[in-house]
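Here's the structure, in structure tokens; my notes come after.
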Amino acid sequence: MIQFLSYLVNGISLGSVYAIIALGYSMVYGIAKMLNFAHGDVIMIGAFICFSATQYLGVPALVGVLLSVAVCTVLGITIERLAYKPLRSATSLAVLITAIGMSWLLQNIALLIWGANPKSFKSVIDLGTLVLFGGQLRITSETIVTVLANIIIMIALTQFTSKTKMGKAMRAVSEDRGAAELMGINVNATISMTFAIGSGLAAIAGVLLCSAYPVLMPTTGAMPGIKAFTAAVFGGIGSIPGALVGGILLGVIEILGKAYVSTELGDALVFAVLIVVLLVKPTGLLGKKIHEKV
Amino acid sequence: MKTRKSKSFSGNFITYAMVIVAFLLCELALSGVIPGFKMSRSLKGQLVPICVYIVMAVSLNLTVGISGELSLGHAGFMSVGAFSGILVSQWLLSAFPETNLELVRLLAALATGGVVAAIAGVLIGIPVLRLRGDYLAIVTLAFGEIIRNLLNCVYFSFEGANLNFSFLDPNLPGNIVINGPMGAIGVKKLASFEAGFILVLFTLVVVLNLINSRSGRAIMAIRDNRIAAESVGINVTKYRMLAFVISAALAGMAGALYGLNYSTVQAAKFKFDTSILVLVFVVLGGIGNIRGSIIAATVLTILPEMLREFGNYRMLIYAIVLIVVMLVTNNPMLKSTLDSLKGKIFKKSVKEGDKA
Amino acid sequence: MTQKYKREPVKMVPAPSHGILPERDVLSRPVLETRNLGIDFGGLHAVEDFNLVIGKTEIAGLIGPNGAGKTTVFNLLTKVYQPTMGTILINGRDTAGMNTVQANKLGIARTFQNIRLFGNMSVEDNVRIGLHNQIGYSTVSGIFRLPSFWKGEREQHERALDLLSIFDMQDLADHQAGSLPYGAQRRLEIVRALATNPSLLLLDEPAAGMNPHETEELMENIAKIRDKFKIAVLLIEHDMNLVMGICEGICVLNYGRVIAKGTPEEIQNNPIVIEAYLGKRKEG
């Protein structure tokens, strides 16, 4: 039972990271209607920036995190301006392939700068471990911080999209880009803002992910990226609570599957659950139904 | 604008001719008859993979271009074909060790790879084709990953003609052939450039003839306007499935050939990246453009080799080339600039052509 | 307005009560019969209590103000939407639980208000797709070019050109469907629907976007099609010249309900219809 609780906690922790990444995917998809495959690699860049800052420059961990958020935000806006903005009117497949190219580009830039050898990421969180049930259940500070960060981000983002002018603009653009433009909303600025937020969150997710699983190399972001995207679809793409629910469920399923079914089949289980959910509810757990007009 | 019937026929003719001429040129270079016209070692090693990727790209184009479903799990079918093909070929070798049945083994492997992948296509197609658009894409991706994960847990061994199988348990009696995450080991290589060429031709016959037939028109009708296609009595599920399964079967055959080109093959070879790579071939070659897929698959398989001198920068260049090509061909402004540039270059020849 | 085309001789037989033209041809089974047909969209009754009988070779009109539910009726008849109540009989067969494809095979074909052609394909291919279930051969013989492929392709080609000749479009066979002028696209949609060999043809605003001359031609052609293929036609149209000119019976829909049925003369003089279109006349 305690063992199960321990797995569950790990699952929620991993799931929180997925949820933060999934937010980036989900927001970009909702507003720009594109699958930003490079998002996973922004995570990796974020982790590397933080790693380099703390390791080589010797700055405090918090400064490292802030630096990595700043760099990734700029990176996200740059990617959008250079590669995606010129393709606003292109087919979604063309944008998808460009995003894949961007993903390869980021991985190879990282390869040139940091090399192919895995780096051991030193956790930025060092607050000791919470020990419960007389040492049977140990919750690391990384876990606590990750979950807390997730909750704070979710609340902040929900408030942002429902209360602020920019947030409302984002919702309007995601509902109907053309109508939003006619209402005087600056669509390009809104999309840039979305990428900025998504990429900034990706940096945080990268640091949190590597604090818990400290192996860092140029392909580190790829698999969590795909899983987080799955989580976004799972929860209903375009929906903030959907990303939260999808991410956490996915993390829990993955950890429990690896623990109780088989280590090899943990990922397969995650994807199998995704398929089942989409078949039962084709727009994800919290997604909206779409009708085609005849 | 006219779409002449003869245009599609002559178009297909050019495609076949291009493939055959390329094959003959390669054979000529391989034989070394003409001095100075030789093929480098690394390019020789690429011949079979080029054929494999052409088949992969053409078959994926059937799903993405002709049927209009974005599939991100094509490598899954390839891996199923590779492993089942290797299994059959190695089993024949184990069961009939004295006889020399290379051609039979190769054909059996290709056929098995195709059939098993087709079955996988049906099983996956039933749930997948209920979905549309990006959701279909993500589910094909998921299936590709599931297949890879499952193959990592599969163990096969032979004792003569006997076949032993286990899931997750590596302890098997006899001569182990497929060893979980280590993949297929000790594979007797059977693939050749000629076999690859024949497979490419076969694929072209199947796909091009399908497109120019009643079923192909039904598939394209569904892609262009599903509701209109239903209104004239076209069974949408049946034809989406048909395209999906044929595409899977061809990918399975390509996988079988690929598997028999190496002495060891791991499931990790057929990762999501491979699916994406093939999709890149299809998109760069032109969605729905079969000849484009062939050219793109060939060029982009050779390109990393040609960029070898750039060392670590080669994949970086590859990525930049991909992004730039996508921007130039899809951005309205850049595209018109490109077209006017083309016009300036070709203007002269067009004028001369008019006079003649 | 006067009736332009001659009506078929009227048989004096007791009639089912829901027919627009009750006296027409009731000895044979009606092509279409709906009973209490209705559909709800989340509580909104888009169509309610829709009863209609269309006899063989009848040309009927379905009219009504915008948003009255006319296209919804078409979508119900072709099974794009599943009705939440009532039944639809096509050639006497209940279509409950059927899909669009099965409805088409039973003999119902349609055109669309917003043209839905296969725009990237040739005109001929569009018609050939309509012939899909009429002239068939297997996928395998298509891939391996077996004799049945050549025979089927030849038959499809001949039949497609034959059908296109109704609208004098056989010379356009090689053109790209999407590049045709608007009127020609509407005509091609009709040809494609006819290719499925229907017994009832549903036309959703066939004259939309046509000039008066084209509309005139269309009217002649609809009558010609009826006579040549011996099929019934139900059309939605806002062009009253066309509706009053060729329809033998008219059904008027408002807010999802039938408010009047009858001959063109009856409909033109029906105060309820006038009110629905023009609003209530002010007293005094």
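Residue numbers (our numbering), protein chains in the order written: chain H, 1 to 294; chain A, 295 to 650; chain Y, 651 to 934. Ideal Cβ positions, reconstructed from N, Cα and C, are used throughout, including at glycine.
### Task
Compare the C-beta of R534/A with all C-beta atoms of chain H and state if any pair is closer than 8 Å.
no
### Query
Which bits of chain A does P282/H rub up against, with CB to CB less than 9 Å?
R424, L425, R426, Y429
### Query
For L417/A, is the classification buried or exposed, using 16 other Cβ atoms within 10 angstroms of its Cβ as the cut-off for buried?
The residue is exposed, with fewer than 16 neighbouring Cβ atoms inside 10 Å.
### Message
Short of 7 Å in beta carbon distance, which residues of its chain neighbour N355/A, apart from the five on each side in sequence? Order them along the chain.
### Response
So the list reads V576, G582, I584, S587, once near-sequence residues are dropped.
### Query
What are the complete alpha helix (DSSP H) segments, minimum 4 residues, inside the segment 266-290 of chain H?
266-280
### Message
Please classify R399/A as buried or exposed, where buried requires at least 16 neighbouring CB atoms within 10 angstroms.
### Response
buried
### Task
Report yes or no: is there a C-beta of chain A within less than 8 Å of the C-beta of V676/Y?
Residue confidence for V676/Y is low, a pLDDT of 49 falling below 50, so the modelled location carries little weight; the figure read from the coordinates is stated next. No, no contact with chain A.
### Message
Suppose the cutoff is 8 Å on Cβ atoms and the five residues either side in sequence are ignored; what does the same chain contact list for A94/H look like?
### Response
L87
### Query
So who's on the other strand from I704/Y, going by DSSP bridges?
L682/Y
#### Entry: Identified DSSP bridge partners for G137/H
Reading the sequence as shown, one finds Leu at residue 137/H and not Gly. The partner list for L137/H (beta bridge, DSSP) reads L132/H.
### beta strand (DSSP E) segment containing C901/Y, residue limits
899-904
### Query
Any idea what DSSP makes of G792/Y, helix, strand or coil?
helix
### Task
Counting only the same chain and skipping the five closest in sequence on each side, list residues whose C-beta sits under 8 Å from that of G9/H.
The displayed chain sequence assigns Val, not Gly, to residue 9/H. For V9/H, where only same-chain residues beyond five positions count, the Cβ hits under 8 Å are L137, I139, T143.
### Query
Just curious, the beta strand (DSSP E) that T737/Y is in, first and last residue?
735-740
### Rounded C-alpha distance that separates V500/A from F307/A
14 Å
### Residue burial classification, W385/A (beta-carbon count within 10 angstroms, cutoff 16)
Here W385/A is buried, its C-beta having at least 16 other C-beta atoms within 10 Å.
### Query
What are the uninterrupted segments assigned as beta strand (DSSP E) that are 3 or more residues long and contained completely in the segment 464-512 of chain A, given in chain order?
469-473
### Contact with chain H by S507/A, beta-carbon distance below 8 Å
no
### Query
Whole-angstrom Cβ separation of A823/Y and L830/Y, contact assumed at under 8 Å?
Contact flag wrong, Cβ pair sits at about 11 Å.
### Query
Exposed or buried, V790/Y, counting other C-beta atoms within 10 Å across all chains shown (16 or more means buried)?
exposed
#### Entry: Test: E254/H CB closer than 8 Å to a CB of chain A
no
### Message
Taking CB distances under 8 Å as the criterion, tell me whether E80/H reaches chain A.
### Response
Cβ-Cβ to chain A under 8 Å: no for E80/H.
### Task
Would you be able to state if there are at least three C-beta pairs under 8 Å between the segment 271-284 of chain H and the segment 215-234 of chain H?
yes
### Message
Closer than 8 Å is the cut-off here; do at least three beta carbon pairs connect the segment 64-79 of chain H with the segment 252-266 of chain H?
### Response
They do not touch, by the three-pair rule.
### Query
Counting only beta-carbon atoms, is L274/H nearer than 8 Å to chain A?
yes
#### Entry: As assigned by DSSP and simplified to three states, the class of S451/A
strand
### Query
Do the segment 535-546 of chain A and the segment 50-66 of chain H touch if we need at least three Cβ pairs shorter than 8 Å?
no
### Task
Please report the residue range of the beta strand (DSSP E) in which N456/A lies.
456-461
### Message
Can you give me the C-alpha to C-alpha distance between V448/A and F461/A, rounded to a whole angstrom?
### Response
5 Å
### Task
Check the Cβ of A402/A against every Cβ in chain Y and list those closer than 9 Å, keeping chain order.
The contacting residues do not exist; A402/A stays about 21 Å from chain Y at best.
### Task
Take S353/A as the anchor and find which of A403/A, N529/A, F496/A, E321/A has the nearest alpha-carbon.
Looking at the Cα atoms, F496/A is the closest of the given residues.
### Task
Let me know the secondary structure DSSP gives S365/A once reduced to three states.
Reduced to three states, the DSSP call for S365/A is coil.
### Message
Looking at the strands, I want to know which residues DSSP matches up with S120/H.
### Response
V215/H
### Contained alpha helix (DSSP H) runs [length at least 4] in the segment 793-819 of chain Y, N- to C-terminal order
797-814
### Query
Under a three-way DSSP split, which group does Q918/Y fall into?
helix
### Message
Using 8 Å as the threshold, is the C-beta distance between V481/A and V358/A below it?
### Response
no
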